[in-house]
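Student:
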């Protein structure tokens, strides 16, 4: 007897690189063609496995950047210096190459327009933590959702910002606020610095709107940002977090 | 707090290899302190021979998962109850 949401055991499948897109000097988007892809929900990720000719293999988790679209799946990977997997994905991988992926996985750090009502959504990204949040922004647009979104995006400097041009096209829908931690571009209203209490008060949804908050970034950023949201009066039960480490994911 | 940990979201693939439903959205009760949280919120250490999930409340070990050639070990010693959405049988 088939049950819609009870799935089979998850196994690895082969994905073919259909296209590559340089996003910043250190990050690129890998467009994968995955025959039989079952679709995904914004915020989900995949595990990527690389195997060397001698049989040594390494795997990492990467968030899906794209809205569900048939057999196409996009990952955006940022280079981790001295990393084991990301240098290959960012600098070596070519169109036509095949990699093993497993997914989609994750059912908590997700935003599904089919289940969302008019609940406001607060997105908070640190660095490449924007990737799963971009999937939510793209999914919102693709679904024609009117759920009120706001984005707080912290990056080192403008050249490290992912999807900068595309985010501008969503500016009206997601009211982005950018925070530059190292160097702010000329004319930016706020000097370089980390996200702080004043900024959360000024730029995020007020706590009485009870937004669902998605916070993603390096572990230290996520801890700090989630604490700021709680300190500002946001209900911890409405804050969903996803951390990635210096290695970009689990070994 | 140290920042060498991830969170339970990163264990989703390894757990879905074993369970037919997503376990990261399930809520678990910590056997040590009684804290109730989703598996996604567990403090996850991957710099061990496997995955170690700890309680976000008291840091006691909730689960350990080790994958070896042709087999897996799953230790759920720190979780007294898992609750997850499951459709009724049709």
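Residue numbers (UniProt numbering), protein chains in the order written: chain A, 1 to 251; chain B, 1 to 90. Ideal Cβ placement from N, Cα and C applies to all residues, glycine included.
#1: Going by the CB atoms, is the gap between residue 120 (chain A) and residue 201 (chain A) shorter than 8 Å?
#2: Helix, strand or coil, according to DSSP, for residue 210 (chain A) in the structure here?
#3: Can you pull the chain B residues whose beta carbon is under 7 Å from the beta carbon of residue 242 (chain A), in chain order?
#4: Taking only beta-carbon positions, decide if residue 102 (chain A) is within less than 8 Å of chain B.
#5: With C-beta atoms as the reference, is residue 181 (chain A) less than 8 Å away from residue 140 (chain A)?
#6: So, is the C-beta of residue 80 (chain B) closer than 8 Å to a C-beta in chain A?
#7: Excluding the 5 residues flanking residue 224 (chain A) on each side, which residues of the same chain have their C-beta closer than 8 Å to its C-beta?
#8: Bridge partners of residue 45 (chain A), per DSSP?
#9: Taking only beta-carbon positions, decide if residue 119 (chain A) is within less than 8 Å of chain B.
#10: Tell me the rounded alpha-carbon separation between residue 51 (chain B) and residue 188 (chain A).
#11: Give the list of continuous alpha helix (DSSP H) stretches no shorter than 4 residues that lie fully inside the region 184-236 of chain A.
#12: Mind reading off the beta-carbon distance from residue 213 (chain A) to residue 122 (chain A)? Whole number of angstroms is fine, and I expect it under 8 Å.
#13: What's the call for residue 159 (chain A), buried or exposed, on a 16-neighbour Cβ count within 10 Å?
#14: Classify residue 35 (chain B) as helix, strand or coil using the three-state DSSP reduction.
#15: Quick check on residue 9 (chain B): buried or exposed, where buried means 16 or more other Cβ atoms within 10 Å of its Cβ?
#16: Sort out for me which residues DSSP pairs residue 78 (chain A) with in a bridge.
#17: Give me the residue from A:91, A:101, A:113 with the minimum Cα distance to residue 14 (chain A).
#18: Give the secondary structure of residue 249 (chain A) by DSSP, where H, G and I count as helix, E and B as strand, and everything else as coil.
#19: Is residue 1 (chain B) helix, strand or coil by DSSP?
#20: Does the region 5-23 of chain B touch the region 102-120 of chain A, meaning 3 or more C-beta pairs lie closer than 8 Å?
#21: Taking only the alpha-carbon atoms, compute the straight-line gap between residue 11 (chain B) and residue 124 (chain A) and give it to the nearest angstrom.
#22: At which residues does the alpha helix (DSSP H) containing residue 166 (chain A) begin and terminate?
#23: With C-beta atoms as the reference, is residue 66 (chain A) less than 8 Å away from residue 60 (chain A)?
#24: Helix, strand or coil, according to DSSP, for residue 151 (chain A) in the structure here?
#25: So that I know if they touch, is there some Cβ in chain B lying closer than 8 Å to that of residue 268 (chain A)?
#26: Report yes or no: do three or more beta-carbon pairs, one from the region 71-85 of chain A and one from the region 142-156 of chain A, lie closer than 8 Å?
#27: Just the chain B side, please: which residues come within less than 7 Å of residue 36 (chain A) by C-beta, in chain order?
#28: Who are the neighbours of residue 40 (chain B) on chain A, taking C-beta pairs under 9 Å?
#29: Any idea what DSSP makes of residue 93 (chain A), helix, strand or coil?
#30: Could you tell me which chain A residues have their CB closer than 8 Å to the CB of residue 17 (chain B), listed as they occur along the chain?
#31: Enumerate in chain order the residues of its own chain whose CB-to-CB distance from residue 27 (chain B) is below 7 Å, with the five nearest sequence positions on each side excluded.
#32: Taking 8 Å as the CB-CB limit, is residue 55 (chain A) close to chain B?
Tutor: Based on what the coordinates show:
#1: no
#2: coil
#3: 7, 9
#4: yes
#5: no
#6: no
#7: 194, 195
#8: A:63, A:105
#9: no
#10: 42 Å
#11: 197-203, 219-231
#12: 4 Å
#13: exposed
#14: coil
#15: buried
#16: A:27
#17: A:101
#18: Low local confidence applies: a pLDDT of 43 at residue 249 (chain A) is under 50, so the model's placement there is unreliable, and no value is given.
#19: Its pLDDT being 49, under 50, residue 1 (chain B) is placed unreliably in this model, and the value from its coordinates should be taken loosely. Note: residue 1 (chain B) maps to coil in three-state DSSP.
#20: yes
#21: 22 Å
#22: 164-169
#23: no
#24: strand
#25: Given that chain A is displayed from residue 1 to residue 251, the structure contains no residue 268 (chain A) and the question cannot be resolved.
#26: no
#27: Those within 7 Å of residue 36 (chain A) in chain B number zero; the least Cβ separation is about 16 Å.
#28: 106, 107, 108, 109, 240, 241, 242
#29: coil
#30: 9, 10, 11, 102
#31: 36, 37, 38, 83
#32: no
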